[in-house]
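Protein chains: 2
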Amino acid sequence: MKQSLVIVKVGGKIVEEPETLGKLLDDFNSIPGNKLLVHGGGRSATALAEKLGIESRMVNGRRITDSAMLDVVTMVYGGLVNKNIVAGMQARGMNAIGLSGTDCNVMLSDKRPVKDIDYGFVGDVRSVNAGFLASLIEQGIIPVLAPLTHDGRGQLLNTNADTIAGEAAKALASAFRVTLIYCFEKPGVLMDENDDNSVIPYLSYYDFPRLVQDGTISGGMIPKIQNAFEALQAGVSSVLITKAGNLDRLTGTTIAL
Amino acid sequence: MKQSLVIVKVGGKIVEEPETLGKLLDDFNSIPGNKLLVHGGGRSATALAEKLGIESRMVNGRRITDSAMLDVVTMVYGGLVNKNIVAGMQARGMNAIGLSGTDCNVMLSDKRPVKDIDYGFVGDVRSVNAGFLASLIEQGIIPVLAPLTHDGRGQLLNTNADTIAGEAAKALASAFRVTLIYCFEKPGVLMDENDDNSVIPYLSYYDFPRLVQDGTISGGMIPKIQNAFEALQAGVSSVLITKAGNLDRLTGTTIAL
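Residue numbers (this note's numbering), protein chains in the order written: chain F, 983 to 1239; chain Z, 983 to 1239.
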């Protein structure tokens, strides 16, 4: 029987403000067994860019990353957010290690080809060094992954944190029984976006097209759920969509094939 | 017989500009065997702080680190400089991992007590996780250490890169035959500061007080050499002071007890 591994992705202001971060790390600490955290940091990146007079341009929720913006996200994701999360974990007795995709080749990627849109220095994941991550986890270490990858030729690349979590989950599924948890601002996928009590407890591959068609699921939730299905098809045991505040009880929307 | 380990500390603009960084990494790559790199990044930190309207205050060459400046150095040292060095190493076939002191508790420190000067969020190293560093090195991985530590209670602290290198060297001396190399802008300790051909090839513990007294050695070189003596007393095999451009031939000033 494989050991379990819980992979949590958290983004948004919860990881960027000391008070909410503290609560998140307490909740994360309450999850038993092997763990891995993937974080975002977009609000801080946008804030730093603004202070530096660098314009943030988003297309379909993705950040256009020119050279100056790449430096910003390298500083914010790889430095500020990552190291503060790790320090907060260490303070709670969790032996964490902060990693970007370039550290030990954890995630190699290819610069996204220019089609309609030039996303700039954005990488699509090519490979994951699952062996290295697994060896850390087996030593009781908690990897904390920043959403940065590299092309193996010296170029850092900005990569969506949901994608990082999904790719890590898929790559580690051969070594662990993986539960992938996407945290966002709502307690799950909602039937009514204005009613937090309308969480869909169980969302299957067969329900999905209908819920997209009738508009129940829209926007950034669509790629998130597509990532979830891909992860399940690649051997991830279960995927949960919830809000960070529910990490201590693990309620939300379970995605199933 | 212990395996050898070469620890190189480089600071200054050489690690902060793509062109000089490339040459440095080529030279570093030419050093055979186990390696560890410690970097600075002060110029970039000062430049970013200036853009953000944060004043850089230095006392005796040390940076006063208030909360805003701590964020700056966390971004620059832990993110921008560290991740670009690691990406450059990976591109050259060196399997590097970027680490701050909080990652796997690599370096725990104590916030410096306020005496005459309040240095702010500056840490004096308390302990080094030599076991974790040694296990990486034994796997053929090159640790790349940013000059950041933490107090174990969630607080990141800014720590001088020379000190980081010295502490790493001392802590790893029981597992490896350690050579510690401090790179700075001159080819070694000079008899005449205006003549790069006046390198003192061999500087002993007995010569040191005289050379300080007659003014040959002054300023920031004094703590650097004191660090070197401490490292030797703690079991480090040899210490070399040189410039980064000489890393491919390892000439410079050898410090000896």
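Cβ atoms here follow ideal geometry from the backbone N, Cα and C, with glycine treated the same way.
{"Query": "Supposed close pair His1021(F), Val1104(F) - CB separation, criterion 8 Å", "Result": "So it is not a contact: roughly 18 Å between Cβ atoms."}
{"Query": "Nearest-angstrom Cα separation, counted from Pro1000(Z) out to Ser1109(F)", "Result": "26 Å"}
{"Query": "Residues that Leu1130(Z) contacts on chain F, provided the C-beta gap is smaller than 8 Å", "Result": "Lys1065"}
{"Query": "Interface partners of Asn1077(F) on chain Z, CB under 8 Å", "Result": "Cys1086, Asn1087"}
{"Query": "Contact belief for Val1063(F) with Ser1026(F) at Cβ below 8 Å, rounded distance in angstroms", "Result": "6 Å"}
{"Query": "Members of the segment 1046–1057 of chain Z that neighbour chain F once the beta carbon cut-off is set at 7 Å", "Result": "Asp1053, Thr1056, Met1057"}
{"Query": "Rounded straight-line distance, which links the Cα of Met1071(Z) to that of Thr1145(Z)", "Result": "23 Å"}
{"Query": "Whole-angstrom C-beta distance between Val988(F) and Thr1161(F), which should lie under 8 Å", "Result": "5 Å"}
{"Query": "Cutoff 7 Å: Ala1069(F) Cβ touching any chain Z Cβ", "Result": "yes"}
{"Query": "DSSP bridge partner residues for Lys1093(F) (one or two, in chain order)", "Result": "Gly1105(F)"}
{"Query": "Contact list for the segment 1020–1035 of chain Z against chain F, Cβ threshold 7 Å", "Result": "Lys1033, Leu1034"}
{"Query": "Short Cβ contact (7 Å threshold) for Ala1153(Z) with Gly1217(Z)", "Result": "no"}
{"Query": "Chain A contact for Gly1060(F) (CB, 7 Å cutoff)", "Result": "No chain A appears in the structure shown, which is made up of the protein chains F and Z."}
{"Query": "Residues that Val992(Z) bridges to, as DSSP identifies them", "Result": "His1021(Z)"}
{"Query": "Same chain only: Cβ atoms within 8 Å of Asp1133(F), ignoring 5 sequence neighbours per side", "Result": "Leu1090, Ser1091, Asp1092, Lys1093, Gly1105, Leu1139"}
{"Query": "Same chain only: Cβ atoms within 8 Å of Ile1067(F), ignoring 5 sequence neighbours per side", "Result": "Val997, Leu1003, Leu1007, Leu1019, His1021, Ala1078, Gly1080, Val1126"}
{"Query": "Residues of the segment 1115–1149 of chain Z whose Cβ lies closer than 8 Å to any Cβ of chain F, in chain order", "Result": "Ile1123, Leu1130, His1132, Gly1134, Arg1135, Gly1136, Gln1137, Leu1138"}
{"Query": "Within chain F, partners of Ala1073(Z) - CB distance below 7 Å", "Result": "Gly1134, Arg1135, Gly1136"}
{"Query": "Between the CA atoms of Gly1170(F) and Ile1119(Z) - distance to the nearest angstrom", "Result": "43 Å"}
{"Query": "Nearest neighbour of Leu1185(Z), chosen from Ala1143(Z), Asp1098(Z), Ala1238(Z), Cys1086(Z) [CA to CA]", "Result": "Ala1238(Z)"}
{"Query": "Alpha carbon of Glu1232(Z) to alpha carbon of Lys1206(Z), nearest angstrom", "Result": "According to the sequence shown, residue 1232(Z) is Leu rather than Glu. About 18 Å."}
{"Query": "Whether Ser1049(Z) touches Lys1065(F) by CB criterion (7 Å)", "Result": "no"}
{"Query": "Status (buried if at least 16 other CB within 10 Å, exposed otherwise) for Gly1148(F)", "Result": "buried"}
{"Query": "Distance, Asp1178(F) Cα to Lys1225(F) Cα", "Result": "11 Å"}
{"Query": "Cβ pair Gly1102(Z), Ile1046(Z) closer than 7 Å", "Result": "yes"}
{"Query": "Contacts around Asn1087(Z), its chain only, beta-carbon distance under 6 Å, and the 5 residues preceding and following it disregarded", "Result": "Asn1111"}
{"Query": "Option in Met1203(F), Arg1192(F), Ala1157(F), Tyr1187(F) with minimal Cα separation from Glu1175(F)", "Result": "Met1203(F)"}
{"Query": "Under the three-state DSSP convention, the category Asn1011(F) falls into", "Result": "helix"}
{"Query": "Contact check, Ile1099(Z) vs Val1055(Z), beta carbons under 7 Å", "Result": "no"}
{"Query": "Chain Z contact for Ser1012(F) (CB, 7 Å cutoff)", "Result": "no"}
{"Query": "Three-way DSSP call (helix, strand, coil) for Ser1156(F) in this model", "Result": "coil"}
{"Query": "Sequence ranges, alpha helix (DSSP H) only - wholly within the segment 1051–1078 of chain Z, length at least 4", "Result": "1064–1073"}
{"Query": "Chain Z residues whose Cβ lies nearer than 8 Å to that of Ser1082(F)", "Result": "Lys1065, Val1068, Gly1080"}
{"Query": "Contacting residues, own chain, Cβ-Cβ under 6 Å from Ala1128(F) (five flanking each side not counted)", "Result": "Tyr1059, Gly1060, Asn1064, Ser1082"}
{"Query": "Span separating the alpha-carbon of Glu1037(F) from that of Lys1168(F)", "Result": "28 Å"}
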